[in-house]
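This report refers to the structure that appears directly beneath it.
Protein chains: 2
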Amino acid sequence: MVETDKKRELIIEGAIKRFIHYGINKTTMNEIADDLSVSKPSLYYYFPDKSSLILGVIEKIFSDYFELMEKDQASKNTLEECLAAFIEIRHKFFQKYYMLHLSGGSPDASLNSDALRAAFLAMKAKNEDFHAKVLQRAVDQGEIAAIDTPKIAELYLESQAGITSLCILHGNKELFPSKKEMKTILEKQHSLSKIFIKGLK
Amino acid sequence: MVETDKKRELIIEGAIKRFIHYGINKTTMNEIADDLSVSKPSLYYYFPDKSSLILGVIEKIFSDYFELMEKDQASKNTLEECLAAFIEIRHKFFQKYYMLHLSGGSPDASLNSDALRAAFLAMKAKNEDFHAKVLQRAVDQGEIAAIDTPKIAELYLESQAGITSLCILHGNKELFPSKKEMKTILEKQHSLSKIFIKGLK
DNA sequence: TTTTTGACTGTAGAAATAAAAAAGTCAGAA
DNA sequence: TTCTGACTTTTTTATTTCTACAGTCAAAAA
Numbered sequence: 057m058v059e060t061d062k063k064r065e066l067i068i069e070g071a072i073k074r075f076i077h078y079g080i081n082k083t084t085m086n087e088i089a090d091d092l093s094v095s096k097p098s099l100y101y102y103f104p105d106k107s108s109l110i111l112g113v114i115e116k117i118f119s120d121y122f123e124l125m126e127k128d129q130a131s132k133n134t135l136e137e138c139l140a141a142f143i144e145i146r147h148k149f150f151q152k153y154y155m156l157h158l159s160g161g162s163p164d165a166s167l168n169s170d171a172l173r174a175a176f177l178a179m180k181a182k183n184e185d186f187h188a189k190v191l192q193r194a195v196d197q198g199e200i201a202a203i204d205t206p207k208i209a210e211l212y213l214e215s216q217a218g219i220t221s222l223c224i225l226h227g228n229k230e231l232f233p234s235k236k237e238m239k240t241i242l243e244k245q246h247s248l249s250k251i252f253i254k255g256l257k
Numbered sequence: 057m058v059e060t061d062k063k064r065e066l067i068i069e070g071a072i073k074r075f076i077h078y079g080i081n082k083t084t085m086n087e088i089a090d091d092l093s094v095s096k097p098s099l100y101y102y103f104p105d106k107s108s109l110i111l112g113v114i115e116k117i118f119s120d121y122f123e124l125m126e127k128d129q130a131s132k133n134t135l136e137e138c139l140a141a142f143i144e145i146r147h148k149f150f151q152k153y154y155m156l157h158l159s160g161g162s163p164d165a166s167l168n169s170d171a172l173r174a175a176f177l178a179m180k181a182k183n184e185d186f187h188a189k190v191l192q193r194a195v196d197q198g199e200i201a202a203i204d205t206p207k208i209a210e211l212y213l214e215s216q217a218g219i220t221s222l223c224i225l226h227g228n229k230e231l232f233p234s235k236k237e238m239k240t241i242l243e244k245q246h247s248l249s250k251i252f253i254k255g256l257k
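Line by line, the protein sequences give chains A and B. For the first sequence, the working numbering begins at 57 and goes up steadily by one. For the second sequence, the working numbering begins at 57 and goes up steadily by one.
Right, here's the structure in full:
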């Protein structure tokens, strides 16, 4: 059974490689299988369908994301430092996994099954919880005023995601945002974050 | 010539009525003509093409918008009051002209000509200038700290538009957002605006 | 028994084509 | 100068065809 998990991990990693370059919908199960030098039915032995594989991919990516967030959080003292670091992490993941359209705050069309949408929303909720906890700590330490942390965390993340969403919508209709646009998004997110935090004091 | 302008106004108003209900692309020049009990070539006598008519519509709507903004601004004392009033005005226009997809911060696909996109961007710039002036006044009166007002105005408006953008993207895929979604957007925009202003002090 | 495969099927989406509708024009009337 | 019926051209939409992909299965390999 531990061998099975290993194989599953290998398949997920192979899938991610394809997904990153060509997106979920433009990647076929055959291509993933060929990359790993196995047959398609082998894939279906480990994952009942493509959605399950995508689910595995999403879980892996967000698991990495939250791991990094937890780690980074420990090394930061002020709320501002902490949230600035988080912006950088999100930016890194946004760039790396852009083709999967996991950002944007809402489930993408490429996540076509209910299970996938549910998983995505669960990750979003977990992210909000995480940020709420960070905010709560800042409240407890008297860094910011007492607030409804879950609500403010949601608002904060939405304001951040909104910046991204608008820049992508607005920008060139290429399938990938330009380096300059990416930089602009990052700068705006940092600016907005600073003002936001100051507004909580 | 003043008669001509009168006719143009009438046509624009007729077009707006259709656009509000069915959107720009689902409204034909024939329908607009029939509503006004004139022939299609009459329309083309006053507007060389559909884009010109749409341009007239956009100019009319934004002219109304800025007029209302100017008027409301005069009656408000604090920056917070002022921006709160602006949110209400934008919300009103957003609801009324939702089918035209004029919000969202970036030119919609229904604005298909370069001239239209340019006009839209000009209106966006004017809106930013307007907000920058309001911010500058608050700076001059010592209400908020000294800032790069054009830049902060852009960031402020983008944070506000981002909320809308995300809610629409996220929400039910109906062609019109629900009453509840509209309310949520409004509340979030007010919350974010308050925090934002406080962060500028 | 667990894992893997070649060869297969039904379906969903792309590409091509046909049909409909709408934008835009023009000669001429009011 | 303003307006119109009748027309042409372009764009959009609906329909069909075709292809490529997701998913299956009986059987072989480990």
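All C-beta atoms in this analysis are idealised placements derived from N, C-alpha and C, irrespective of residue type, glycine included. A quick note: this is a predicted structure, and the numbers were derived from the prediction, not measured.
Determine the direct distance from the alpha carbon of residue j to that of residue i, and round the result to whole angstroms.
i, j, result
"Asp-120 (chain A)", "Val-113 (chain B)", "50 Å"
"Ser-215 (chain B)", "Ser-107 (chain A)", "34 Å"
"Ala-89 (chain B)", "Asn-81 (chain B)", "15 Å"
"Phe-176 (chain B)", "Phe-186 (chain B)", "15 Å"
"Met-85 (chain B)", "Cys-223 (chain A)", "33 Å"
"Leu-111 (chain A)", "Glu-115 (chain B)", "47 Å"
"Gly-161 (chain B)", "Met-125 (chain B)", "18 Å"
"Phe-252 (chain A)", "Phe-142 (chain B)", "20 Å"
"Glu-237 (chain A)", "Val-94 (chain B)", "48 Å"
"Lys-180 (chain B)", "Tyr-153 (chain B)", "16 Å"
"Lys-132 (chain A)", "Lys-244 (chain B)", "29 Å"
"Ser-247 (chain A)", "Asp-105 (chain B)", "43 Å"
"Leu-231 (chain B)", "Thr-220 (chain B)", "15 Å"
"Leu-167 (chain A)", "Ala-171 (chain B)", "36 Å"
"Leu-139 (chain A)", "Arg-193 (chain A)", "13 Å"
"Glu-199 (chain A)", "Leu-109 (chain A)", "43 Å"
"Tyr-100 (chain A)", "Ser-159 (chain B)", "45 Å"
"Ile-145 (chain A)", "Asp-91 (chain B)", "56 Å"
"Gln-129 (chain B)", "Lys-254 (chain B)", "19 Å"
"Tyr-78 (chain A)", "Gly-227 (chain B)", "27 Å"
"Ala-217 (chain B)", "Ala-217 (chain A)", "11 Å"
"Glu-87 (chain B)", "Lys-182 (chain A)", "50 Å"
For residue i, I'd like the list of residues in its chain whose CB is within less than 8 Å of its CB, leaving aside the five on either flank, ordered along the chain.
i, result
"Glu-184 (chain B)", "Pro-206, Ala-209, Glu-210 and Leu-213"
"Ile-203 (chain B)", "Leu-191, Val-195 and Leu-256"
"Lys-63 (chain B)", "Tyr-102"
"Thr-60 (chain B)", "Tyr-102"
Helix, strand or coil: how does DSSP classify residue i here?
i, result
"Glu-199 (chain A)", "coil"
"Asn-86 (chain A)", "helix"
"His-187 (chain B)", "helix"
"Tyr-101 (chain B)", "helix"
"Gly-218 (chain A)", "helix"
"Ile-117 (chain B)", "helix"
"Gly-255 (chain A)", "helix"
"Ser-107 (chain B)", "helix"
"Gly-161 (chain B)", "coil"
"Ser-93 (chain B)", "coil"
"Pro-206 (chain B)", "helix"
"Gly-112 (chain B)", "helix"
"Glu-230 (chain A)", "coil"
"Lys-60 (chain A)", "Note on residue identity: the sequence assigns Thr, not Lys, to residue 60 (chain A). Note: Thr-60 (chain A) maps to helix in three-state DSSP."
"Ile-80 (chain A)", "coil"
On the CB-based measure, 16 or more other CB atoms within 10 Å of its CB, does residue i come out buried or exposed?
i, result
"Ser-249 (chain B)", "buried"
"Pro-163 (chain A)", "buried"
"Ile-97 (chain B)", "Contrary to the premise, residue 97 (chain B) reads as Pro rather than Ile in this sequence. When all chains shown are included, Pro-97 (chain B) counts as exposed."
"Gly-70 (chain B)", "buried"
"Leu-66 (chain A)", "exposed"
"Ala-45 (chain A)", "The shown model of chain A, from 57 to 257, leaves out residue 45 (chain A), and the question about it has no answer."
"Ala-165 (chain A)", "exposed"
"Ala-201 (chain B)", "exposed"
Leaving out the 5 sequence neighbours to the left and right, which residues in its chain are closer than 7 Å to residue i when beta-carbon positions are compared?
i, result
"Ser-169 (chain B)", "Ser-107"
"Thr-240 (chain A)", "Cys-223"
"His-157 (chain A)", "Asp-164 and Ser-166"
Can you find a heavy atom of the ligand COA that lies under 7 Å from the Cβ of residue i?
i, result
"Glu-210 (chain B)", "Among the components modelled here there is no ligand, and therefore nothing to report on the ligand COA."
Leaving aside the five residues before and after residue i along the sequence, list all residues of the same chain whose C-beta is less than 6 Å from its C-beta, in chain order.
i, result
"Phe-149 (chain A)", "Tyr-121"
"Thr-83 (chain B)", "Arg-74 and Phe-75"
"Leu-242 (chain B)", "His-147"
"Phe-118 (chain A)", "Met-179"
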